[in-house]
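Encoded as structure tokens, the structure appears first; notes follow it.
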Amino acid sequence: MLAIDVLVFLLFSSSVYSRQCEVIFSEKVIRCDCSSRRLTFIPTECPRNTTDLLLVRNNLNSLGKEIFTRYTQLRYLDISSCNISAIDKSAFEKLTHLMELNLFDNPMKTFQGDNDIRRVDAAAFQKLKYRKCLEDLDLSPNELDYHQDLIFSL
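Mapped onto mature numbering (1 follows the signal peptide of the UniProt record, and there is no 0), the consecutive letters of the sequence shown carry residue numbers -18 to -1, 1 to 136.
Written as structure tokens, this is what we have:
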């Protein structure tokens, strides 16, 4: 009986709260807001078809290989102010629909997992560029040094 009550609630509700995140459903958007939850990991409780994932003001530190493979339908990803200093070059590889990526206010040093260097490896975003899906990328402010060979345009 409890399962039926939960199903009825989900069908007639536009917002659902879970342990870590709030999930909001609208006509074309499934937004999972996990902001300011002191998370140190990417949550797995959001629906797989989440289109907007907000992880603002958490303590993620780094983004490993293909860390977002659960959320392949993402169009908007906000990981601003998450203390991210390193991003693996394959972290965003499966995000073929991603249009906006907000990395604002992270002390990023590298996109390859080596904290001794401070550079952007364009390979981290190359597949998104060629799919012509990423429209907005915010990397400010950061601790990155830019090398001419690594700069690319979206």
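Glycine residues also receive a C-beta, built at the ideal position from the N, C-alpha and C atoms.
Q) So S62 and F86 are in contact, right, with Cβ under 8 Å, and what is the actual spacing, rounded? A) 4 Å
Q: Decide if T33 is buried, meaning its Cβ has at least 16 other Cβ atoms within 10 Å, or exposed.
A: buried
Q) Does DSSP put R13 in a helix, in a strand, or in coil? A) DSSP places R13 in strand when its eight states are reduced to three.
Q: Going by CA-CA distance only, name the one from S18, M90, L80 and P89 that's closest to F50.
A: Taking only the C-alpha atoms, the option nearest F50 is L80.
Q) What residue ranges within the region 29 to 68 form continuous beta strand (DSSP E) runs of no fewer than 3 residues, ordered along the chain? A) 34 to 36 and 58 to 60
Q | Three-state class that DSSP yields for N88 in the structure shown | A | coil
Q) Is DSSP giving E4 helix, strand or coil here? A) The answer is strand: DSSP assigns E4 an E or B state.
Q. What separation, rounded to the nearest whole angstrom, lies between the Cα atoms of L45 and E9?
A. 30 Å
**Q.** Own chain residues within Cβ distance below 7 Å of N31, not counting five before or after
**A.** I12 and Q55
Q: Within its chain, find whatever has a CB closer than 6 Å to the CB of residue 137; leave out the 5 residues flanking it on each side and keep chain order.
A: Absent from the structure is residue 137, since the part of the chain shown begins at -18 and ends at 136.
Q: Take the Cβ of E27 as the centre, count every other Cβ of all protein chains shown within 10 Å, and call the residue buried at 16 or more, exposed below.
A: Under a 10 Å Cβ-count criterion, E27 is classified as exposed, with fewer than 16 other Cβ atoms of the shown protein chains found around its own Cβ.
**Q.** Three-way DSSP call (helix, strand, coil) for E82 in this model
**A.** strand
Q) For R57, which residues from the same chain have a beta carbon less than 6 Å from its beta carbon, with the 5 sequence-adjacent residues on both sides left out? A) T33, H79 and M81
Q: Compute the distance between the beta-carbons of Q2 and P29, then report whether it is under 9 Å.
A: no
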